[in-house]
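Take the position in the sequence shown, starting the count at 1, then add 19; the result is the number in our numbering. Have a look at the structure below, then the notes.
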Amino acid sequence: MPVIQSHPITLYGGGQHRLVLRPLTDEHLPYLYRWCADPQVLYWTEGGTAETNLSYDQKMVQQIYGTVSKNALCFLVEAQGEPIGECWLQKMNLPQVQSRYPCGTDVRRIDMAIGEKHWWNKGVGTRMIALLADFAFCRERVDVLHCICEDYNKRSCRVWEKNGFTLSYTQPLLPQPQKGRLECHYTLTRQAYLQSRKLI
20 MPVIQSHPIT LYGGGQHRLV LRPLTDEHLP YLYRWCADPQ VLYWTEGGTA
70 ETNLSYDQKM VQQIYGTVSK NALCFLVEAQ GEPIGECWLQ KMNLPQVQSR
120 YPCGTDVRRI DMAIGEKHWW NKGVGTRMIA LLADFAFCRE RVDVLHCICE
170 DYNKRSCRVW EKNGFTLSYT QPLLPQPQKG RLECHYTLTR QAYLQSRKLI
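Encoded structure:
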């Protein structure tokens with residue numbers, strides 16, 4: 020039985036990096052094992068603890084992606100034909116966030132990681148989010164994207180802002196010390212997205 024529950028959707032980003040988001044499958048687990056074992060990668064993708072030697076073993080990786088893929092569309096990210104990271108569009112799994120919206124609102128979140136460090140700071144994350152936001156609003160007809168990062172990760176904050184997300188609220192990260200002080204909640208509605216694209 021597969022670890023990762025896959026899907027048939029591929030997204031193409033074009034542009035200088037020839038970005039492609041392919042369905043994440045068990046064939047990609049070796050990449051996930053390597054990226055999730057790298058403390059430098061996890062420092063930026065996993066909030067909370069200030070632990071700088073955090074590393075996940077294969078069992079933990081299988082548990083994470085096996086669980087998430089049941090309620091998310093998970094993608095392997097390729098740039099110029101090279102697998103460089105992963106991302107997913109997930110049904111909101113935090114009751115305290117879902118409760119902020121009227122019953123029946125389709126709220127999703129985006130999570131992403133660039134595991135190949137030579138692709139950091141090249142604008143790939145911004146383009147990944149643009150692709151997923153367009154897919155979410157124009158094809159999945161999602162009502163709201165509600166995405167979360169921590170204030171220590173300035174690059175992540177900029178990625179959301181560049182894609183039109185608004186900082187809706189922050190929450191203290193407790194107990195301290197942690198890498199960050201605040202959990203930042205960014206939102207973008209389908210109506211705002213379509214208006215920005217002049218599609219309505």
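Yeah, the Cβ is synthetic: ideal placement off N, Cα and C, and Gly gets one too.
1) Please look up how many angstroms separate the CB atoms of Ile-103 and Trp-138, rounded, as I've assumed it's under 8 Å.
2) Under 8 Å by Cβ, that's how I've got Gly-100 and Val-22 pegged, so tell me the actual separation to the nearest angstrom.
3) Can you name the residues that DSSP bridges to Gly-32?
4) Taking Cβ to Cβ, would you say Gly-144 is nearer than 8 Å to Arg-53?
5) Please name the residue in Glu-65, Gly-32, Arg-41, Asp-45 whose C-alpha comes closest to that of Gln-77.
6) Taking only the alpha-carbon atoms, compute the straight-line gap between Cys-157 and Phe-94 and give it to the nearest angstrom.
7) Reducing DSSP to helix, strand and coil, say where Leu-48 ends up.
8) Compute the Euclidean distance between the alpha carbons of Ala-132 and Arg-216, then round it to the nearest angstrom.
9) Span of the alpha helix (DSSP H) holding Gly-144?
10) Would you give the residue range spanned by the beta strand (DSSP E) that Ile-23 belongs to?
11) In angstroms with no decimal places, state the Cα-to-Cα distance between Val-161 and Asp-130.
12) According to DSSP, is Trp-107 part of a helix, a strand, or is it coil?
13) Below 8 Å, can you find three or more Cβ-Cβ pairs linking the region 56 to 75 to the region 184 to 202?
14) My understanding is that Pro-49 touches Leu-73, with C-beta atoms under 8 Å, so please give their C-beta distance in whole angstroms.
15) I need the DSSP call for Leu-95, collapsed to helix, strand or coil.
16) Could you name the residues of the same chain whose beta carbon sits closer than 6 Å to that of His-204, not counting the 5 residues immediately before and after it, in chain order?
17) How about Gly-183 and Leu-207: are their beta carbons less than 8 Å apart?
18) Distance check for Pro-121 and Gln-81, CA to CA, integer angstroms please.
19) In chain order, what residues of the same chain have a beta carbon less than 7 Å from the beta carbon of Asp-125, not counting five sequence neighbours either side?
A quick look at the data gives this:
1) On the sequence shown, position 84 is the one that residue 103 refers to. On the sequence shown, position 119 is the one that residue 138 refers to. Going by Cβ atoms, the distance from Ile-103 to Trp-138 rounds to 5 Å, so yes, they are a contact pair.
2) Walking along the sequence shown from the start, residue 100 turns up at place 81. Walking along the sequence shown from the start, residue 22 turns up at place 3. With 8 Å as the limit, Gly-100 and Val-22 do not qualify as a contact, their Cβ atoms being about 25 Å apart.
3) Looking up residue 32 in the sequence shown gives position 13. In DSSP, Gly-32 forms no bridge with anything.
4) Residue numbering aside, residue 144 sits at position 125 when the sequence shown is read from its first letter. Residue numbering aside, residue 53 sits at position 34 when the sequence shown is read from its first letter. Against a cut-off of 8 Å, the Cβ pair of Arg-53 and Gly-144 comes out as no contact.
5) As a working note, residue 77 is residue 58 in the sequence shown. Put simply, of Glu-65, Gly-32, Arg-41, Asp-45 the residue whose alpha carbon is nearest the alpha carbon of Gln-77 is Asp-45.
6) As a working note, residue 157 is residue 138 in the sequence shown. As a working note, residue 94 is residue 75 in the sequence shown. Cα-Cα distance, rounded: 18 Å.
7) Taking the first residue of the sequence shown as 1, we reach residue 48 at position 29. DSSP places Leu-48 in helix when its eight states are reduced to three.
8) Counting from 1 along the sequence shown, the entry for residue 132 is found at position 113. Counting from 1 along the sequence shown, the entry for residue 216 is found at position 197. Answer to the nearest angstrom: the Cα atoms are 26 Å apart.
9) By 1-based counting over the sequence shown, the position of residue 144 is 125. First-last of the alpha helix (DSSP H) with Gly-144: 143 to 157.
10) Working through the sequence shown from its first residue, we reach residue 23 at position 4. Element bounds for Ile-23: n/a, residue is neither H nor E.
11) The residue given as residue 161 occupies position 142 in the sequence shown. The residue given as residue 130 occupies position 111 in the sequence shown. Those two C-alpha atoms are separated by around 16 Å.
12) One-based indexing of the sequence shown puts residue 107 at position 88. If DSSP states are grouped into helix, strand and coil, Trp-107 belongs with the strands.
13) With the cut-off at 8 Å, the region 56 to 75 and the region 184 to 202 touch.
14) Sequence index remark: in the sequence shown, residue 49 carries index 30 (1-based). Sequence index remark: in the sequence shown, residue 73 carries index 54 (1-based). The distance from the Cβ of Pro-49 to that of Leu-73 is about 20 Å, inconsistent with a contact at the 8 Å cut-off.
15) The residue given as residue 95 occupies position 76 in the sequence shown. In the structure shown, Leu-95 falls within a strand segment according to DSSP collapsed to helix, strand and coil.
16) Here residue 204 is taken as the residue at index 185 of the sequence shown, counted from 1. Cβ within range, chain order: Ile-167, Ser-187, Tyr-188.
17) Residue mapping note: residue 183 aligns to position 164 of the sequence shown, counting from 1. Residue mapping note: residue 207 aligns to position 188 of the sequence shown, counting from 1. In terms of Cβ geometry, Gly-183 and Leu-207 form a close pair [threshold 8 Å].
18) Position 62 of the sequence shown holds residue 81. Position 102 of the sequence shown holds residue 121. If you draw a straight line from the Cα of Gln-81 to the Cα of Pro-121, it is about 34 Å long.
19) Here residue 125 is taken as the residue at index 106 of the sequence shown, counted from 1. Val-161, Asp-162, listed in sequence order.
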